[in-house]
Amino acid sequence: MIKARSFKGGIHPPGNKDLSSKQPIRRLPAPETVWIPLCQHMGVPSKPSVSKGDKVKRGEEIGTQNGFISLPTHSPVNGTVKSIESFPMPHRRTGPCVVIETESEDGGQVFEKWDDYSSHSPAEITERIKLAGICGMGGASFPTYVKLSPPPDKNIDTLIINGIECEPYLTADHRLMLENPDDVILGMEILAYTLGVEKCLIGIEINKPDAIELMDKKGVSVLPLKVSYPQGAEKQLIDAATGREVPAGGLPLDVGVVVQNVGTAAAVAKAVRDGEPSLRRIITVTGRGVFSPANYDACVGTLFSDLIGKSGGYTEDVKRLISGGPMMGMSLYTDGVPVTKGTSGLLALTDDEVRDVVEGPCIRCGKCVDVCPLRLTPNLIALAAENERWKLAEGFGALNCMACGTCSYVCPAGRYLVHYIKKAQDAIRANKGKEA
Amino acid sequence: MAQTRRFELAMSPHVGANQTTRKIMFDVVIALLPALAAATWFFGPRALLIVFLSAATAVVAEFLCLKFMKRPVSFALDGSAIVTGMLLAYNLPSGVPIWLPVIGTAFAIVVGKQAFGGLGHNIVNPALLGRAFLMASFPILMTAGWAAPEAWNSSEDISWGTSGIAMEEMSTIPMADAISGATPLNVLKQTFDLDASAANARNEGNTTEAQSLEERADGIRSALSCNSTYMNLLIGRSGGCLGETSVILLLVGAIYLVMRGVLELRLPVSYLGTVAVLAWVFGGSGWFNGDPLFHVLAGGVILGGIFMVSDMVTTPVTPKGRIIFGIGAGLLTMVIRRWGGYPEGCSYSILLMNLVTPLIDKLTLPRVFGEVKKNG
């Protein structure tokens, strides 16, 4: 096997993946009621196209696309619309949800199947992916069809499928690659065909040797990568795979690369082959704060509390509930929050697992500078932000930060570096808006 | 429906490395202990007393400052004050009166650290500032106490070199009057004075005297550059400040710090490397004939290189900046040793470099990922 590659910087937090990595994906039936957020993707929420009392079928569109960076939303069940109301979201704010009382999950909308995707044009496939409401399933939830519609002046030559899953604890992508490799591979082929690229590889960290072996055996070109957080960040993955640096403020398109998550690839396969929209996703429920960590194939709109219940409930010492991974995930005040297309994990962490340090002054140890994958100086940005010197913070490159949390992770003083930098980003953007 | 359980809200990331400021500081304290043992062995229990007084003063001074400024007093026990106190004591000769470390440490903490805002905000290394303060205020006390180590006095061999030239020659050098026991660097410094006298004599036409002076200087230098001198310096059987004598035990501390991930090697390596190279270039009588090993082992370069050049707060945070800092401090150290008014330049070189740290940081900001270096 070729030597595992990586990027400069990064950290090695304890993986804690063995809590759930041996648990096969369990398909959960739809709960009695589902809360379907109208904005599960990055961009503009979809416009509700149903109203209270309407009967909806599984797979039926209940919200229509509303702008370019937007997607339609579908019902994952047959049932009756109870209401459209504001509800807590995984990103901690509230958002509009279509509440549907489930009758059944069988049948529903009938979709036209495509036996051979290559008899359709890339434009038709892109349209089908858009209508299926597919967004990136790795976390950022960016509408997939937009990534497949590069401006004509961009020459795309490489497709990278992201099977890194560098966030500790999470095992959803790993299980998906092991249990449904054919969908991942089909999705990968469809995406490569749509983009018209020859070079197509799947990046997997070497802490998942079984997945690497399986993909290799199936004839996919695998890119083994060193275990290092944030290896799965788009720019770091592209750097490791191709040696190309995505320009600051630019997109992967600018260096001729498109990156898609393995979950997205599998969803693309389902959508293009079967015509089925994005209705379910694989989600890891783990942490030492739940009794039995597991990987679920759950309906969008299933409440986190349902998932926790299926995992045996909370232990006594549960302290934090996090949607996503422990490095970038959002802590939640309630478990009455629905699963969205982008929810990769739900963590219930105990006192022993979370870091709890009293923030002290920066001692200028420089560890954050050493590990920052974007080569920023987080301590200096944070200091500028603390003193509200936004221009200074911008000069240090604050806007480049992707909030991966690597700096806060290593900070011995327990400084809330990500928080300060995000604050600086908000202020800099707000000031720019005022100037414009 | 949702359970009515309450969860803690916090900013990501939710996990973190098992490293804290306090742990780092106490690791430094632990790394300083072997050298303290050496100091106690060579200079007697008085060394222990001086270090203890200094550390205790540091904690008390920090506590009072925090109290006065209405800040959480628990910071006084975060270990940073103890490190400052210990390092200052390590920079003192064993013969100083016991009130000297108390005054020096109080100055270091109050003026050097807390006046600037406490931990993380001081511009120069407080321990070195304390030492500079004492050197300026009590120059005689700060050098008169350079008694040769007790353990060494009691032994038969009272010379650095096998020939015993060094000690004999010492007594013939006028400047030695103020010094009861000399450090190896003092002796070296005086060979440069001999060189100067020789040059004068030669200018006046007194060739024989010039020759004898030159021979004496060369004799001392060759006595300094021999294996037994190196050995004494390594073990600590030479005059000097408390903490700088035993190179081996200082290195033991350094290895511990590297293993604990506290010591970042760019600073010490670039510093000591620069000292070694420049020692060879101009550390001897002429050009390119200096003795790098002697210059690295003698004086406070190892102590400074491990514990002060790498002081986190007062040195650059950028990778390139750290290397520049080390090279700059090494250059200044050697310039002071060779041409300056002091035999040792370690502490002043670091203090001077501390002052330009913010500038170095500013000029060495790494190129942000994906950014094109601006021209000019």
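Chains as they are written, first to last, in the working numbering: chain A, 1 to 436; chain B, 437 to 812. Heads up, the beta-carbon is just placed ideally off N, CA and C, and yes, glycines get one too. Remember, it's a predicted structure, so these values are computed and weren't measured experimentally.
Can you find a C-beta in chain B that's less than 9 Å from the C-beta of residue 29 of chain A? Along the first sequence, one-based indexing puts residue 29 of chain A at 29. Taking Cβ atoms only, chain B never reaches closer than 9 Å to residue 29 of chain A, which makes this a no.
Cβ-Cβ distance between residue 158 of chain A and residue 263 of chain A below 9 Å: Residue numbering aside, residue 158 of chain A sits at position 158 when the first sequence is read from its first letter. Residue numbering aside, residue 263 of chain A sits at position 263 when the first sequence is read from its first letter. No; because the gap between Cβ atoms is not below 9 Å, this pair is not in contact.
Are there three or more Cβ pairs, one per stretch, closer than 8 Å when the stretch 445 to 454 of chain B is compared with the stretch 345 to 355 of chain A? Verdict: yes, contact present.
What do you get for residue 41 of chain A, buried or exposed, if any count of 16 or more other CB atoms within 10 angstroms of its CB means buried? Along the first sequence, read from residue 1 onward, the residue named residue 41 of chain A stands at position 41. If you draw a 10 Å sphere on the C-beta of residue 41 of chain A, you find 16 or more other C-beta atoms in it, and that means buried.
If you drop the 5 nearest sequence neighbours on each side, which residues of the same chain put their C-beta closer than 7 Å to that of residue 410 of chain A? Looking up residue 410 of chain A in the first sequence gives position 410. For residue 410 of chain A, where only same-chain residues beyond five positions count, the Cβ hits under 7 Å are 11, 367, 368, 371.
Between the stretch 243 to 265 of chain A and chain B, which residues of the former have CB atoms less than 7 Å from a CB of the latter, in chain order? So the list reads 245, 246, 247, 248, 250, given in the order they occur along the chain.
Any idea what DSSP makes of residue 102 of chain A, helix, strand or coil? Reading the first sequence from its first residue, position 102 is the one you call residue 102 of chain A. In the structure shown, residue 102 of chain A sits in a strand (DSSP, three-state: E or B).
Does the separation of the CB atoms of residue 128 of chain A and residue 272 of chain A fall below 9 Å? Here residue 128 of chain A is taken as the residue at index 128 of the first sequence, counted from 1. Here residue 272 of chain A is taken as the residue at index 272 of the first sequence, counted from 1. Judged by their CB atoms, residue 128 of chain A and residue 272 of chain A are nearer to each other than the 9 Å cut-off.
Whose CA, out of A/110, A/106, A/71, A/141, lies closest to the CA of residue 131 of chain A? Against the first sequence, residue 131 of chain A aligns to sequence position 131. That would be A/71, whose Cα lies nearest to the Cα of residue 131 of chain A.
Output yes if chain A places a C-beta closer than 9 Å to the C-beta of residue 805 of chain B; else output no. For the purposes of this step, residue 805 of chain B is taken as residue 369 along the second sequence, with counting starting at 1. Closer than 9 Å to some Cβ of chain A, the Cβ of residue 805 of chain B qualifies, so yes.
Outcome for residue 154 of chain A when other beta-carbon atoms lying within 10 angstroms are tallied against a minimum of 16: As a first step, residue 154 of chain A is located in the first sequence; it is residue number 154 there, counting from the start. Its Cβ having fewer than 16 others within 10 Å, residue 154 of chain A is exposed.
At a CB-CB cut-off below 7 Å, which residues of chain B make contact with residue 32 of chain A? Sequence index remark: in the first sequence, residue 32 of chain A carries index 32 (1-based). Those within 7 Å of residue 32 of chain A in chain B number zero; the least Cβ separation is about 11 Å.
Residue interval of the beta strand (DSSP E) (run including residue 200 of chain A): The residue labelled residue 200 of chain A in the question sits at position 200 within the first sequence. DSSP places residue 200 of chain A in the uninterrupted beta strand (DSSP E) bounded by 199 to 205.
Where residue 93 of chain A falls, given that 16 or more other Cβ within 10 Å makes a residue buried: Working through the first sequence from its first residue, we reach residue 93 of chain A at position 93. Label assigned to residue 93 of chain A: exposed.
With C-beta atoms as the reference, is residue 624 of chain B less than 9 Å away from residue 650 of chain B? Within the second sequence, numbered from 1, the residue matching residue 624 of chain B stands at position 188. Within the second sequence, numbered from 1, the residue matching residue 650 of chain B stands at position 214. Contact: no.
Specify the secondary structure class of residue 606 of chain B as computed by DSSP and reduced to three states. The residue labelled residue 606 of chain B in the question sits at position 170 within the second sequence. The pLDDT assigned to residue 606 of chain B is 45, lower than 50, so where the model puts this residue is not dependable, and the model offers no usable value.
In whole angstroms, what is the alpha-carbon distance linking residue 737 of chain B and residue 708 of chain B? Locating residue 737 of chain B in the second sequence gives position 301, counting from the first residue. Locating residue 708 of chain B in the second sequence gives position 272, counting from the first residue. Taking the straight line from one Cα to the other gives about 7 Å.
Buried or exposed for residue 644 of chain B, going by 16 or more other Cβ atoms inside 10 Å? Here residue 644 of chain B is taken as the residue at index 208 of the second sequence, counted from 1. Burial state of residue 644 of chain B is exposed, judged by a 10 Å Cβ sphere holding fewer than 16 other Cβ atoms.
At a cut-off of 8 Å, would you count residue 79 of chain A as near the ligand SAH, judging by its Cβ distance to the nearest heavy atom? The model on display carries no ligand, and the ligand SAH is accordingly not part of it.
Looking only at its chain, what residues have a beta carbon closer than 6 Å to the beta carbon of residue 672 of chain B, apart from the 5 residues adjacent to it on each side? Numbered from its first residue, the second sequence carries residue 672 of chain B at position 236. Answer for residue 672 of chain B: 474, 478, 681, 682, listed in chain order.
Assign residue 69 of chain A to one of two classes, buried (16 or more other C-beta atoms within 10 Å of its C-beta) or exposed (fewer than that). Numbered from its first residue, the first sequence carries residue 69 of chain A at position 69. Burial is judged here by how many other beta carbons sit within 10 angstroms of a residue's own beta carbon; residue 69 of chain A has fewer than 16 and is exposed.
Contact set between the stretch 156 to 180 of chain A and chain B, restricted to residues whose Cβ is under 8 Å from the partner: Within the stretch 156 to 180 of chain A, the residues whose Cβ lies closer than 8 Å to some Cβ of chain B are 168, listed in chain order.
Can you tell me whether DSSP reads residue 596 of chain B as helix, strand or coil? Here residue 596 of chain B corresponds to residue number 160 of the second sequence, with the count starting at 1. Residue placement at residue 596 of chain B cannot be trusted, given a pLDDT of 39 that sits under 50; the coordinates are not used to answer.
Please state whether the Cβ-Cβ distance between residue 56 of chain A and residue 33 of chain A is less than 9 Å. Here the question's residue 56 of chain A lines up with position 56 in the first sequence. Here the question's residue 33 of chain A lines up with position 33 in the first sequence. For residue 56 of chain A and residue 33 of chain A, no; Cβs fall outside 9 Å.
Between the CA atoms of residue 392 of chain A and residue 250 of chain A - distance to the nearest angstrom: Locating residue 250 of chain A in the first sequence gives position 250, counting from the first residue. Locating residue 392 of chain A in the first sequence gives position 392, counting from the first residue. Taking the straight line from one Cα to the other gives about 22 Å.
How many Å lie between residue 244 of chain A and residue 716 of chain B at the Cα? Looking up residue 244 of chain A in the first sequence gives position 244. Looking up residue 716 of chain B in the second sequence gives position 280. Residue 244 of chain A and residue 716 of chain B have their alpha carbons spaced roughly 44 Å apart.
Where do the ends of the alpha helix (DSSP H) carrying residue 655 of chain B lie? Within the second sequence, residue 655 of chain B is the residue found at index 219, counting from 1. Here the alpha helix (DSSP H) through residue 655 of chain B covers 643 to 660.
Chain A contacts made by the stretch 638 to 661 of chain B, where a contact means CB separation under 9 Å: Here the close residues number zero.
Verify the CB distance criterion: does residue 132 of chain A have a CB-CB separation below 9 Å to chain B? Here the question's residue 132 of chain A lines up with position 132 in the first sequence. Chain B, which has no Cβ nearer than 9 Å to the Cβ of residue 132 of chain A, makes this no.
Identity of the residues DSSP links to residue 85 of chain A by a beta bridge: Position 85 of the first sequence, counted from the start, is the residue given in the question as residue 85 of chain A. Residue 85 of chain A pairs with A/97.
Option in B/518, B/483, B/484, B/486 with minimal Cα separation from residue 496 of chain B: Reading the second sequence from its first residue, position 60 is the one you call residue 496 of chain B. The candidate whose alpha carbon is nearest that of residue 496 of chain B is B/518.
Tell me residue 258 of chain A's beta-bridge partners as DSSP assigns them. Taking the first sequence and counting its residues from 1, the one referred to as residue 258 of chain A is at position 258. Answer by DSSP bridge pairing, in chain order: A/159.
Taking only beta carbons into account, state which residues of the stretch 410 to 436 of chain A come closer than 8 Å to chain B, listed in chain order. Those would be 410, 411, 412, 413, 414, 416, 418, 419, in chain order.
Residue(s) in a DSSP beta bridge with residue 61 of chain A: Numbered from 1 along the first sequence, position 61 holds the residue referred to as residue 61 of chain A. In the DSSP assignment, the residues bridged to residue 61 of chain A are A/74.
Could you give the DSSP three-state label for residue 299 of chain A: helix, strand or coil? Locating residue 299 of chain A in the first sequence gives position 299, counting from the first residue. Reduced to three states, the DSSP call for residue 299 of chain A is strand.
Quick one: what does DSSP say residue 285 of chain A is sitting in, helix, strand or coil? For the purposes of this step, residue 285 of chain A is taken as residue 285 along the first sequence, with counting starting at 1. Of the three classes helix, strand and coil, the one that applies to residue 285 of chain A here is strand, per DSSP.
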